[in-house]
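Residue 10 is where the sequence shown starts when you use my numbering, and the numbers rise one by one after that.
Even for Gly, the Cβ is constructed at its ideal location relative to N, Cα and C.
Small disclaimer: the values here were computed from a predicted structure and weren't measured.
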Amino acid sequence: MADETKPRTRRERKTQTEWSVKELLDAKVRPVNEVVEGLLAVGLTMLAGRPKIGKSWLALQIACAVGTGGRVFDRQVSKGKVLYLALEDSPRRLKLRAQIVRPRRDAPIRFITEWPALNWEAGGLGQLFERIKVVKPKLVVIDTLASALQRGPAGAKAAEGLEVIVELRKMAHDCGCAVVAVDHHRKDGDQDAINDILGATSKSAAIDTAWGLFRAGYGAKLSVRGRDVQDLEIRLRFDEVRGRAVKKKGMVVSEGPVVGGLWVVSEDGNKLAAARAEAEILDALLEMGGRATSGVLAEKLGKSRQAVEKVAWRMECENRLWRRPVAGQNWYEVRKPEKEAAQVGGVRGADKPVAQVGGVREADKPAAQRGISDVEKAVQLLLSQKGGLLR
């Protein structure tokens, strides 16, 4: 075991793999190095989706944002060099894509349309590693992973594909860059960013972040799950660009076949998702007697505790939920009308007996005969829609 009293050299600290409790708690670790705020960090990210959904457009859009700097999807981008392996695009198609996404002409992005197979035998991995060390890119895009592996008709062995993914992840961390590998979803997917990746059993354990691009009524949903970024979902819509511009009635419009477009945040989609998430929490609380811990809610809804508390915090800020920390846990309950919850003489109104008028409890009267709050109206509306749960 290492001598705890002996000071360590810089090299020893860098390669240290064994820690005492004191060393671990006193260690100075670097914060997560994000390339796109809250979305893309240093390491290996797998972007997967069904064919023709727009994965390559999304990858190119992220690459151009990094090369140009600024913001993408209302998130800050760290500007830097980009190495883009467009292995399924011809120069003509790649030029068309670039004309639509419109990066700056001097953006430090290097496009490559041919590359040796990404393995040690063919030399592709070694060449990529050397190129990264020379160029020092902020982002490397591999579109697509299947083309980079150059599988034969029978497909590459799972072990070989996993070995390449492990090497790519190690390469990304050693060189301090983000690597985005574009891949495909399996046919019988269930809209899970990790489980839907083709060959997810082997791949998911080796990657840092999974991006799943799924079709939705408002456009698409980008589901993000990772080690160094928070789980999130971004509602997107695809602003289409058609083949040619013509002038009609003094206005320039586009017509002809769709040749591409840009992904933009869908405000309507995000509002709909937020409403559904809040409705699910309200329904779950009502089913459990009106109160529950965030952990129990997360288990019932099949979500992470962090995701549940994020939605519940928003509902608490809008006075639709009570939150009570008890023994290190957050208890949530449906907020009662203000006139019932008001503190009177040190006793909470909600804890007092319900007033009775003419032998009938006020709370038992039909809603039309008593004054009810907006919260109660919202809950009644939710319960009346599809058995109480918005789907």
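Contact set for residue i: own chain, Cβ-Cβ below 6 Å, skip 5 residues either direction
{"i": "glutamine 45", "result": "One detail in the question is off: residue 45 reads as valine in this sequence, not glutamine. Closer than 6 Å at Cβ, skipping near neighbours: Arg84 and Val86."}
{"i": "glutamine 25", "result": "none"}
{"i": "leucine 49", "result": "Ala187"}
{"i": "valine 110", "result": "Leu69, Gln70 and Cys73"}
Cβ pair residue i, residue j closer than 8 Å
{"i": "arginine 106", "j": "leucine 69", "result": "yes"}
{"i": "threonine 54", "j": "valine 144", "result": "no"}
{"i": "lysine 147", "j": "glycine 89", "result": "yes"}
{"i": "isoleucine 118", "j": "glycine 76", "result": "yes"}
{"i": "tryptophan 340", "j": "arginine 333", "result": "yes"}
{"i": "alanine 157", "j": "leucine 103", "result": "no"}
{"i": "arginine 244", "j": "valine 273", "result": "no"}
{"i": "leucine 127", "j": "valine 173", "result": "yes"}
{"i": "glycine 58", "j": "glycine 221", "result": "yes"}
Secondary structure of residue i, DSSP reduced to three states
{"i": "aspartate 248", "result": "strand"}
{"i": "arginine 344", "result": "coil"}
{"i": "phenylalanine 82", "result": "coil"}
{"i": "glycine 298", "result": "coil"}
{"i": "threonine 77", "result": "helix"}
{"i": "glutamate 27", "result": "coil"}
{"i": "arginine 236", "result": "coil"}
{"i": "isoleucine 216", "result": "coil"}
{"i": "leucine 222", "result": "strand"}
{"i": "valine 51", "result": "coil"}
{"i": "lysine 7", "result": "With the chain represented from 10 up to 400, any question about residue 7 goes unanswered, as that position is not in the structure."}
{"i": "glycine 135", "result": "helix"}
{"i": "glycine 170", "result": "helix"}
{"i": "isoleucine 290", "result": "helix"}
{"i": "valine 363", "result": "Its pLDDT being 40, under 50, valine 363 is placed unreliably in this model, and the coordinates cannot settle the point."}
{"i": "valine 175", "result": "helix"}
Cβ separation of residue i and residue j, assumed to be a contact under 8 Å, to the nearest whole Å
{"i": "valine 149", "j": "isoleucine 141", "result": "7 Å"}
{"i": "glutamine 239", "j": "glycine 47", "result": "7 Å"}
{"i": "glutamate 249", "j": "glycine 228", "result": "Not a contact, Cβ separation roughly 11 Å."}
Cβ shell of residue i (< 7 Å), same chain only, five flanking positions each side left out
{"i": "histidine 182", "result": "Val51 and Gly52"}
{"i": "tryptophan 129", "result": "Gly135"}
{"i": "glutamate 318", "result": "Ser303 and Asn339"}
{"i": "glutamate 287", "result": "Val320 and Met324"}
{"i": "phenylalanine 138", "result": "Met180"}
{"i": "asparagine 328", "result": "Arg344"}
{"i": "arginine 178", "result": "Gly52, Leu53, Ala215, Ile216 and Asp217"}
Residues of its chain near residue i, where Cβ-Cβ distance is below 8 Å and the 5 sequence neighbours each way are ignored
{"i": "tryptophan 136", "result": "Note that residue 136 is glutamine in the sequence shown, not tryptophan. Excluding positions up to five away in sequence, the list reads Trp124 and Pro125."}
{"i": "aspartate 98", "result": "Ser65, Arg106, Thr122 and Asp152"}
{"i": "alanine 293", "result": "Ala301, Leu306, Lys309 and Leu310"}
Beta strand (DSSP E) segments (min. 3 residues) lying fully within the region 298-338 = 300-302 and 330-335
Write down every uninterrupted run of the beta strand (DSSP E) in the region 95-129 whose length is 3 residues or greater and which is fully enclosed by it, in chain order.
-> 118-121
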